[in-house]
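S.K.: Taken in sequence, the protein lines are chains A and B. Using our numbering, the letters of the first sequence map in sequence onto residues 263 to 516. Using our numbering, the letters of the second sequence map in sequence onto residues 915 to 1484.
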Amino acid sequence: MHLPKVRPRKFPPIQSRSAMNDLITRREAIARVAYLLGGALSATTVAGVLAGCDRRAPEAAAKASALTADQKEMVAVLADHILPETDTPGARTAGVPDFIDLMMAEYYPPEERARFTAGLARVDQRAQRAFGVPLLRAKPEQQLQLVQALNRQAFNDPAAQLTSPAEEPILRETETETGRSDAEGTQAASAAVMLDRDWDPEDVGGQSFFRTLKELVLVGYYTSEVGATQELRMNPMGTWRADIPYGQGAQAWA
Amino acid sequence: MIFLQREEFDAVVVGSGVSGGWAAKELTEKGLRTLVLERGGEVEHQKGYVTEHVPPWDMPHRNRRITPLQYPDQAVQIRGNTVDAGNRHFYQNDKLHPYKESAPFTWVQGAQVGGRSLLWGRQVYRWSDLDFEANLKDGHGVDWPIRYADIAPWYSYVEQRIGVSGERLGLPQLPDGEFQPPMEMNAGEKFVKRGVERRFPGRNVTIGRTAVLTQQVGDRAPCHYCGECSRGCSTGSYFSSQSSTLPAARKTGKLTLRPNSLTHSLIYDEQRKRVTGVRYVDVESAEVREVFARVVFLCASTLGSTRVLLNSRTASHPDGLGGNSDALGHNLMDHHFRIGARGDIPGLLDRYYQGRRPNGIYIPRFRNLGGPESDRLGFSRGYGYQGSASRGGWSRGAARPEIGTELKQLLQDPGPWGFNMGQWGECLPRSENRVVLSQEMDRWGIPQLDIQCTWGPNEFAMRKDAMAQAAEMLEAAGCTNVTTFDEHKEGEYGAEPGLCIHEMGTARMGRDPKTSVLNGNNQLWDSPNVFVTDGACMTSSSCVNPSITYMALTARAADHAVKEIGRRNL
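#1: When you compare each of B:Leu1283, B:Val1476, B:Ile1462 and B:Ile1365 to Trp1034 (chain B) by their alpha carbons, which one comes out closest?
#2: Just the Cα atoms here: how many angstroms apart are Asp460 (chain A) and Leu397 (chain A)?
#3: Assess contact between the segment 355-364 of chain A and the segment 948-968 of chain B, defined as three or more Cβ pairs (one per stretch) separated by less than 8 Å. Is contact present?
#4: Would you list, in chain order, the members of the segment 1338-1371 of chain B that have their beta-carbon closer than 7 Å to a beta-carbon of chain A?
#5: If I'm right that Ala1048 (chain B) touches Arg1344 (chain B) with Cβ under 8 Å, what's the distance once you round it to whole angstroms?
#6: Could you give the C-beta distance for Ser416 (chain A) and Ser470 (chain A), rounded to a whole number, given that I count them as a contact under 8 Å?
#7: Name, please, each residue of chain A whose Cβ falls closer than 7 Å to the Cβ of Leu983 (chain B).
#8: What is the DSSP secondary structure of Asn1334 (chain B), reduced to helix, strand or coil?
#9: Contact defined as beta carbons within less than 8 Å: I believe Gly1254 (chain B) pairs with Met1335 (chain B). What is the distance between those atoms, to the nearest angstrom?
#10: Return yes when the Cβ of Cys1367 (chain B) is within less than 9 Å of the Cβ of His1250 (chain B), no when it is not.
#11: Are the beta-carbon atoms of Gly1128 (chain B) and Gln1074 (chain B) separated by less than 9 Å?
#12: Given that a residue counts as buried once 16 or more other Cβ atoms are within 10 Å of its Cβ, and exposed if not, what is Leu1050 (chain B)?
#13: Does DSSP put Pro236 (chain A) in a helix, a strand or coil?
#14: Taking the alpha helix (DSSP H) that Thr948 (chain B) falls in, what are its first and last residues?
#15: Taking C-alpha atoms, which residue in B:Ala1475, B:Arg1481 and B:Val1431 lies nearest to Phe1211 (chain B)?
#16: Given a threshold of 16 other Cβ atoms within 10 Å of its Cβ, counted over all protein chains shown, does Glu373 (chain A) qualify as buried or as exposed?
#17: For Trp1308 (chain B) and chain A, any beta-carbon pair shorter than 9 Å?
#18: If you measure from the beta carbon of Arg473 (chain A) to each beta carbon in chain B, is any gap under 9 Å?
#19: Please list the partners that Leu398 (chain A) has in chain B, where partner means a Cβ-to-Cβ separation under 7 Å.
#20: Given a cut-off of 9 Å on the beta-carbon distance, is the pair Arg976 (chain B) and Ser486 (chain A) in contact?
#21: Tell me the start and end of each unbroken alpha helix (DSSP H) in the segment 1073-1155 of chain B that is at least 4 residues and wholly inside, in chain order.
#22: Between Arg1541 (chain B) and chain A, is the shortest Cβ-Cβ distance under 9 Å, so that the two count as touching?
#23: Measure the CB-CB distance between Cys1393 (chain B) and Asp1233 (chain B) and report whether it falls below 9 Å.
#24: Kindly list, in the order they appear in chain B, the residues whose Cβ is closer than 9 Å to that of Gly507 (chain A).
#25: Verify whether the separation of the beta carbon atoms of Gly1277 (chain B) and Val1119 (chain B) is less than 9 Å.
#26: Gln1353 (chain B): buried (16+ other C-beta within 10 angstroms of its C-beta) or exposed?
#27: Using the Cα positions of Met1099 (chain B) and Ala514 (chain A), report the straight-line distance between them to the nearest angstrom.
#28: Interface residues of chain B around Phe361 (chain A) at Cβ under 8 Å?
#29: If you reduce the DSSP assignment to three classes, tell me which class Glu439 (chain A) lands in.
#30: If you drop the 5 nearest sequence neighbours on each side, which residues of the same chain put their C-beta closer than 6 Å to that of Asp924 (chain B)?
#31: State the Cα-Cα distance for the pair Leu1565 (chain B) and Leu1246 (chain B), rounded to the nearest angstrom.
#32: Sorted by chain position, which residues of the same chain lie with C-beta nearer than 6 Å to Tyr483 (chain A)'s C-beta, five sequence neighbours on each side aside?
#33: Quick one: residues in its chain with C-beta nearer than 6 Å to the C-beta of Pro320 (chain A), no 5 flanking neighbours on either side, listed in chain order?
#34: Looking at the structure shown, is Met1465 (chain B) part of a helix, part of a strand, or coil, going by DSSP?
#35: Give the interface partners of Arg1271 (chain B) over in chain D, defined as CB-CB distance under 8 Å, in chain order.
#36: State buried or exposed for Gly1318 (chain B), treating a residue as buried only when at least 16 other CB atoms are found within 10 Å of its CB.
Printed below as a string of structure tokens:
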């Protein structure tokens, strides 16, 4: 599969996987900063910063779960279309599904969790109507089409052809039945139209399921080690440079 | 209860936060054997900073904003926006230390060695005679018994020891101090500074004056800009009791620090008309103990100290020590904030910054400085602004319509510049803003406080002006999409008193024992060997952050106490 290239980074990411490696590389990173600054960091600074590197949040170990295996896999599929693998890992590899599962289990109140799983259920129903199979059995390009449609509706894209739910009832089975009877060659195109015309008020605008999902995927990705050290850069400790040039090939701080 | 041996010290200090730490340092360095009673548990410098430098992926819920759903025992603390998973262990357990609110009042408290000195915002501004003379001039509250000249040398004394970085401006309303080199503004802040200062002569945009080091002080290193001060700082780069005052006190060999010791009341001798000691509870065993001393420093936080005074009820002081005046428990103040403006800064896309500066910009007070506009504004006193410029981060992606590779690419670059500024406003002393002891006790048998405090017409009139001026300045500076915000909701949580964590008053200093609780040296009129030097002593609130003033008043009071002991007056 062809992966689109993202521009090369000027700063090599800190490569680390395990907790132990993490400790070592961060020590090294700080030592490097101290070296680069030509000893501008005092011995106390370096000692203090290094002392902090052995710390870990006391509660980080607990892992709760709220989603079924299928629901979690659906999250993984949707998340990987929102932030796919490029020259850096995508959302699934960065552990986003685990993060969202944990947030559903421990962070959100029951009503929010119910809203989220209801949103997942609607995604499955829409896949069923458009492609005749649930999301996980749809082809990757069909899954992507569905994600794009959800995204258009969540952002009120004019292409989504949304009309007021009060004036026009939501298009349901009758339309999709027609879609399924289409010839193979035109099926994809008509599915896209169908996907845009099949909508639910809960999937439209700022409060939509997809906006919630998108935000969770972003948080899960960019606060992960992969997102913060490979896709972006960790803002290094050591010095404050208030006003520096930013140009081609640079990257935002995580 | 039978005491086999009467425990005695030269001095007892109640509380180990910003003020208590300073009292401990000054008293021990002057040779007094000093006991510090702290209601919370031990937090050792360095070892106690358990979340320091832990990256987001190792934090619970990636350090997202915490909610009462996960931490029901901290439901009050969580109302503010300063608590997170990285520092919540430095905030109190609300179930252990409950209070009553007759109107929305958020009481944010630390309950550990070091108190809120671990958590404070570290902004440091001297008061001026504009503040010390305000009550006398406009008739709100009573006159301060001191003036700027009385405290100025103590500001210098404290600043040199805690380390303050900042820019000298030569403004009469915001006197300069003993400053280390200032932190630098970023490109967005320089843009706003240029615009505001060009269009509004007499208004300044300066870097925050902060108790964060830019140069070494003793074994405390300059800031390493990790940006997570409230998790604790192993390099001691910001002032806390742990980094600064407690080690100095320990070095004298005269310090006894006793954590888990909650002060109940002061012990008063009716014959000698004098406080002779402190009654406290060991919070682990619930045992009540007594300790005796020549002088007592109450530094238990504004409302903590007043609660001790209110609970020190004696035959001659049925409403508590200080309670024979009309001031004990009254005139509670806090700064009102969470109002201001934000806007986009056009361009500057080729400028960025590195490091996480634990500081922002400051716009000193420019209202009611005595000029001709003073009568036309419709409110007394004034306000300042704190703010900062930054470039958008990855979180802006949640509001973007892109997905997939396009979204990843977009978020690899920082977003546009934005500027955010919020007002910090002075609150008038008003007698009806008060605390009393409720009928309900905490689990150690100490009556809970009932807090009744609301903003008044002067605060609301000031807020209106501050919000409009914020927007006007940002527009004049060339910002676009300028919008205002005001989070106050009448009768609800949002910008209620207490939230700014600058609570002041309720045992004010004054010139008359009938209308004040303390004299000009922070001595209790009812027992001159008791000193109250935290926020409780404040006679007015100014609009600038108060902690440095507590430190200076504490050092000054300790000096006075020791001199009075030498003169055999105490």
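Glycine included, every Cβ here is placed at the ideal spot set by N, Cα and C. Quick caveat, the model's predicted, so the values are computed rather than measured.
M.R.: Judging by the given coordinates:
#1: Taking the second sequence and counting its residues from 1, one reaches residue 1034 (chain B) at position 120. That would be B:Ile1462, whose Cα lies nearest to the Cα of Trp1034 (chain B).
#2: The residue you call residue 460 (chain A) lines up with position 198 of the first sequence. The residue you call residue 397 (chain A) lines up with position 135 of the first sequence. Taking the CA atoms as reference points, Asp460 (chain A) sits about 15 Å from Leu397 (chain A).
#3: No: the two stretches stay apart, fewer than three of their Cβ pairs being nearer than 8 Å.
#4: So nothing in the stretch comes that close.
#5: Translated into positions along the second sequence, residue 1048 (chain B) becomes position 134. Translated into positions along the second sequence, residue 1344 (chain B) becomes position 430. About 14 Å separates the beta carbon of Ala1048 (chain B) from that of Arg1344 (chain B), a gap too long to meet the 8 Å contact definition.
#6: Here residue 416 (chain A) is taken as the residue at index 154 of the first sequence, counted from 1. Here residue 470 (chain A) is taken as the residue at index 208 of the first sequence, counted from 1. As written in the sequence, residue 416 (chain A) is Ala, which differs from the Ser given in the question. About 4 Å separates the two Cβ atoms, so the contact holds.
#7: In the second sequence, residue 983 (chain B) corresponds to position 69, counting from 1. In chain order: Pro371.
#8: One-based indexing of the second sequence puts residue 1334 (chain B) at position 420. Three-state DSSP puts Asn1334 (chain B) in a strand.
#9: The residue you call residue 1254 (chain B) lines up with position 340 of the second sequence. The residue you call residue 1335 (chain B) lines up with position 421 of the second sequence. The Cβ separation is near 5 Å, so the contact holds.
#10: Looking up residue 1250 (chain B) in the second sequence gives position 336. Looking up residue 1367 (chain B) in the second sequence gives position 453. No; because the gap between Cβ atoms is not below 9 Å, this pair is not in contact.
#11: Taking the first residue of the second sequence as position 1, residue 1128 (chain B) is located at position 214. Taking the first residue of the second sequence as position 1, residue 1074 (chain B) is located at position 160. Per the sequence shown, residue 1128 (chain B) should be read as Thr rather than Gly. When the beta-carbon positions are compared, Thr1128 (chain B) and Gln1074 (chain B) stay at least 9 Å from each other.
#12: As a first step, residue 1050 (chain B) is located in the second sequence; it is residue number 136 there, counting from the start. So Leu1050 (chain B) ends up on the exposed side.
#13: Nothing about residue 236 (chain A) can be read from this structure; chain A reaches only from 263 to 516.
#14: For the purposes of this step, residue 948 (chain B) is taken as the residue at position 34 of the second sequence. First-last for Thr948 (chain B): Thr948 to Leu951, but that is the beta strand (DSSP E), not the alpha helix (DSSP H).
#15: For this step, residue 1211 (chain B) is matched to residue 297 along the second sequence. Of the candidates B:Ala1475, B:Arg1481 and B:Val1431, the one whose C-alpha sits nearest the C-alpha of Phe1211 (chain B) is B:Ala1475.
#16: Counting from 1 along the first sequence, the entry for residue 373 (chain A) is found at position 111. With fewer than 16 Cβ atoms within 10 Å of its Cβ, Glu373 (chain A) is classed as exposed.
#17: Against the second sequence, residue 1308 (chain B) aligns to sequence position 394. Output row for Trp1308 (chain B): interface = yes.
#18: In the first sequence, the residue the question calls residue 473 (chain A) occupies position 211. It does; some Cβ of chain B falls within 9 Å.
#19: For the purposes of this step, residue 398 (chain A) is taken as residue 136 along the first sequence, with counting starting at 1. Residues of chain B passing the Cβ test: none, with the nearest at roughly 19 Å.
#20: Your numbering for residue 976 (chain B) matches position 62 in the second sequence. Your numbering for residue 486 (chain A) matches position 224 in the first sequence. The answer is yes: Cβ separation under 9 Å.
#21: If we require 4 residues or more, the alpha helix (DSSP H) runs fully inside the segment 1073-1155 of chain B come out as 1101-1113.
#22: Nothing about residue 1541 (chain B) can be read from this structure; chain B reaches only from 915 to 1484.
#23: Locating residue 1393 (chain B) in the second sequence gives position 479, counting from the first residue. Locating residue 1233 (chain B) in the second sequence gives position 319, counting from the first residue. No. Outside cutoff.
#24: Position 245 of the first sequence, counted from the first residue, corresponds to residue 507 (chain A). The amino acid at residue 507 (chain A) is misidentified as Gly; the sequence shows Pro. Asp1264, Arg1265 and Tyr1266, listed in chain order.
#25: What you label residue 1277 (chain B) is simply residue 363 of the second sequence in a count that begins at 1. What you label residue 1119 (chain B) is simply residue 205 of the second sequence in a count that begins at 1. According to the sequence displayed, residue 1277 (chain B) carries Ile and not Gly. A Cβ-Cβ contact shorter than 9 Å links Ile1277 (chain B) with Val1119 (chain B).
#26: Position 439 of the second sequence, counted from the first residue, corresponds to residue 1353 (chain B). With fewer than 16 neighbouring CB atoms inside 10 Å of its own CB, Gln1353 (chain B) falls in the exposed class.
#27: Numbered from 1 along the second sequence, position 185 holds the residue referred to as residue 1099 (chain B). Numbered from 1 along the first sequence, position 252 holds the residue referred to as residue 514 (chain A). Taking the straight line from one Cα to the other gives about 19 Å.
#28: Taking the first sequence and counting its residues from 1, the one referred to as residue 361 (chain A) is at position 99. Result: Arg976.
#29: In the first sequence, the residue the question calls residue 439 (chain A) occupies position 177. The pLDDT assigned to Glu439 (chain A) is 40, lower than 50, so where the model puts this residue is not dependable, and the model offers no usable value.
#30: Locating residue 924 (chain B) in the second sequence gives position 10, counting from the first residue. If we look at Asp924 (chain B) and ignore the five residues flanking it on each side, its Cβ neighbours are Leu946, Arg947 and Arg1208.
#31: Chain B is shown from 915 up to 1484; residue 1565 (chain B) falls before or after that span and cannot be answered.
#32: As a first step, residue 483 (chain A) must be located in the first sequence, where it is residue number 221. Around Tyr483 (chain A), the same chain offers Leu345, Ala353, Ala356, Val358 and Gly489 as residues with beta carbons nearer than 6 Å, after the five sequence neighbours per side are excluded.
#33: Within the first sequence, the letter at position 58 stands for residue 320 (chain A). Low local confidence applies: a pLDDT of 45 at Pro320 (chain A) is under 50, so the model's placement there is unreliable, and no value is given.
#34: Here the question's residue 1465 (chain B) lines up with position 551 in the second sequence. Helix at Met1465 (chain B).
#35: This model lacks chain D altogether; the protein chains it does include are A and B.
#36: Position 404 of the second sequence holds residue 1318 (chain B). By the 10 Å Cβ count, Gly1318 (chain B) comes out buried.
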